[in-house]
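*Asks:* In UniProt numbering, the protein residues as written are 1 to 300.
(1) Please report the residue range of the beta strand (DSSP E) in which residue 71 lies.
(2) CB-CB under 7 Å to residue 216, same chain, minus the five flanking residues each way: which ones, in chain order?
(3) Determine the closest residue to residue 235 out of 162, 168 and 181, with distance taken between C-alpha atoms.
(4) Hey, out of 94, 158 and 90, whose CA is closest to residue 48's CA?
(5) Could you tell me if residue 96 is buried or exposed, where buried requires 16 or more neighbouring beta carbons within 10 angstroms of its beta carbon?
(6) Beta carbon of residue 249, beta carbon of residue 81: below 8 Å?
(7) Using C-beta distances below 8 Å, list every residue in its chain close to residue 160, excluding the 5 sequence neighbours before and after it, in chain order.
(8) Kindly indicate which residue of 88, 300, 46 and 182 has the alpha-carbon position closest to the one of residue 21.
(9) Please go through the stretch 171-252 and give each complete alpha helix (DSSP H) segment of 4 or more residues, from N-terminal end onward.
(10) On the CB-based measure, 16 or more other CB atoms within 10 Å of its CB, does residue 265 come out buried or exposed?
(11) Count the other CB atoms within 10 Å of the CB of residue 98; is the residue buried (16 or more) or exposed (fewer)?
(12) Spell out the partners DSSP gives residue 34 in its beta bridges.
(13) Look at the alpha carbon of residue 144 and the alpha carbon of residue 16, and state the distance between them as a whole number of angstroms.
(14) With a 10 Å radius around its C-beta and 16 neighbouring C-beta atoms as the bar for buried, classify residue 173 as buried or exposed.
(15) Can you pull the DSSP bridge partners for residue 259?
(16) Per DSSP, which one or two residues make a beta bridge with residue 155?
(17) CB-CB under 7 Å to residue 83, same chain, minus the five flanking residues each way: which ones, in chain order?
(18) Give the secondary structure of residue 78 by DSSP, where H, G and I count as helix, E and B as strand, and everything else as coil.
(19) Look at the alpha carbon of residue 10 and the alpha carbon of residue 58, and state the distance between them as a whole number of angstroms.
(20) Looking at C-alpha atoms only, which residue of 73, 184 and 214 is the closest neighbour of residue 38?
(21) With H, G and I counted as helix, E and B as strand and the rest as coil, what does DSSP make of residue 106?
(22) Taking the continuous beta strand (DSSP E) assigned at residue 18, which residues delimit it?
(23) The beta strand (DSSP E) spanning residue 49 covers which residue range?
(24) Within the same chain, show all residues whose beta-carbon is closer than 7 Å to that of residue 153, passing over the 5 residues directly before and after it, in chain order.
(25) Any idea what DSSP makes of residue 297, helix, strand or coil?
(26) Between the C-alpha atoms of residue 220 and residue 148, what's the straight-line distance to the nearest angstrom?
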């Protein structure tokens with residue numbers, strides 16, 4: 001192994017540190033998000049790749065979100081081939097931190113990387129972990145990023161009143177690439193501070209999504225290009241299952257499902273709801289196509 005080869009415990013081959021270009025776009029095996037900026041680690045013999053920050057994940061860790069020590073699982077050791085993160089409640093196919101004592105507690109790589117204070121690209125104040133006991137009244141417990149009722153674990157600002165992100169929004173990539181724009185798109189949240197920055201850049205307001213052509217609510221998180229004035233809903237750029245990997249096989253009840261990219265010119269029809277599969281991913285079982293895991297479960 002030469003001096004430029006990196007050996008990582010999660011992979012049997014040597015990895016090279018390379019810079020992203022248009023020809024080497026890949027998904028990170030740890031967090032399943034695209035590797036589209038900066039440098040990353042890529043296998044010399046296969047398609048395995050890691051963000052540099054994901055490659056630094058420890059094999060064991062103590063985390064404030066759980067009372068027991070957590071162990072990193074790089075190979076999926078559950079029959080379903082995917083898991084639901086106990087913190088952000090999202091489906092994942094990547095690396096998993098698991099509690100050996102509880103058995104049921106599972107945390108994805110992004111949630112495990114949370115440290116206090118947390119600096120978010122859309123907010124000028126640091127964010128801190130807070131555990132909520134909602135009780136009977138949950139009407140006021142809404143995530144500022146998506147306006148959905150958040151679970152008990154949030155990151156909150158101690159300076160700004162009623163500012164909190166759930167971990168689903170907290171883990172959104174700060175910068176993404178869009179195939180129809182040469183510039184990066186940045187995660188944006190409409191605050192007075194951010195409005196001032198837009199005015200300084202002489203940008204107009206961002207009211208419509210350039211993918212679905214529907215209105216963007218400026219008090220929710222969305223992605224913008226400061227150069228081209230392109231704006232996108234979070235789901236329109238990342239999809240409904242941003243941490244599920246194309247080409248990965250999973251098991252849902254009794255069906256063996258393959259996750260596939262839905263990038264063809266013609267959209268398949270969902271076998272359950274009979275609607276076009278419009279998401280970035282489609283779920284296949286032999287000749288059957290499904291637009292979501294929900295449709296698969298209702299089909300059964």
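All C-beta atoms, glycine included, are put in the ideal place defined by N, C-alpha and C. Keep in mind the model is a prediction, meaning the values are calculated, not measured.
*Replies:* On the basis of the data shown:
(1) Locating residue 71 in the chain shown gives position 71, counting from the first residue. For residue 71, the enclosing beta strand (DSSP E) begins and ends at 70-73.
(2) Translated into positions along the chain shown, residue 216 becomes position 216. Excluding positions up to five away in sequence, the list reads 206, 207, 208, 209, 222, 231 and 233.
(3) The residue you call residue 235 lines up with position 235 of the chain shown. Among 162, 168 and 181, the Cα nearest to that of residue 235 belongs to 168.
(4) Residue 48 sits at position 48 when you count from the first residue of the chain shown. That would be 94, whose Cα lies nearest to the Cα of residue 48.
(5) Counting from one through the chain shown, the residue named residue 96 turns up at place 96. By the neighbour-count criterion, in which a residue is buried when 16 or more other Cβ atoms sit within 10 angstroms of its Cβ, residue 96 is buried.
(6) The count along the chain shown starts at 1 and reaches residue 249 at position 249. The count along the chain shown starts at 1 and reaches residue 81 at position 81. Yes.
(7) By one-based count along the chain shown, residue 160 stands at place 160. For residue 160, where only same-chain residues beyond five positions count, the Cβ hits under 8 Å are 123 and 125.
(8) One-based indexing of the chain shown puts residue 21 at position 21. Answer by Cα proximity: 182.
(9) The stretch 171-252 contains, as complete alpha helix (DSSP H) runs of 4+ residues, the segments 192-200 and 234-238 (chain order).
(10) The residue you call residue 265 lines up with position 265 of the chain shown. Per the 10 Å Cβ criterion, exposed.
(11) Numbered from 1 along the chain shown, position 98 holds the residue referred to as residue 98. Counting the other Cβ atoms within 10 Å of the Cβ of residue 98 gives 16 or more, which makes it buried.
(12) Here residue 34 is taken as the residue at index 34 of the chain shown, counted from 1. 27.
(13) Locating residue 144 in the chain shown gives position 144, counting from the first residue. Locating residue 16 in the chain shown gives position 16, counting from the first residue. Distance between the alpha carbons of residue 144 and residue 16: 40 Å.
(14) Locating residue 173 in the chain shown gives position 173, where the first residue counts as 1. Buried, since its Cβ has 16 or more Cβ neighbours within 10 Å.
(15) In the chain shown, residue 259 corresponds to position 259, counting from 1. Residue 259 pairs with 283.
(16) As a position in the chain shown, residue 155 is number 155, starting the count at 1. In DSSP, residue 155 forms a bridge with 129 and 165.
(17) Walking along the chain shown from the start, residue 83 turns up at place 83. Cβ within range, chain order: 92, 96 and 106.
(18) For the purposes of this step, residue 78 is taken as residue 78 along the chain shown, with counting starting at 1. It is coil, neither helix nor strand.
(19) Numbered from 1 along the chain shown, position 10 holds the residue referred to as residue 10. Numbered from 1 along the chain shown, position 58 holds the residue referred to as residue 58. Here the alpha carbon of residue 10 sits roughly 11 Å from the alpha carbon of residue 58.
(20) Numbered from 1 along the chain shown, position 38 holds the residue referred to as residue 38. It is 184.
(21) Stepping through the chain shown from its first residue, residue 106 is reached at position 106. Shown here, residue 106 sits in a strand according to DSSP, grouped into three states.
(22) On the chain shown, position 18 is the one that residue 18 refers to. Where residue 18 is concerned, the enclosing beta strand (DSSP E) starts and stops at 15-19.
(23) Indexing the chain shown from 1 puts residue 49 at position 49. Residues 49-51.
(24) In the chain shown, residue 153 corresponds to position 153, counting from 1. Counting only Cβ-Cβ distances below 7 Å, and skipping sequence neighbours, we find 65, 87, 131 and 167.
(25) Looking up residue 297 in the chain shown gives position 297. The three-state secondary structure of residue 297, taken from DSSP, is helix.
(26) Start at 1 with the first residue of the chain shown, and residue 220 comes out as number 220. Start at 1 with the first residue of the chain shown, and residue 148 comes out as number 148. Per the coordinates, the alpha-carbon of residue 220 lies some 10 Å from the alpha-carbon of residue 148.
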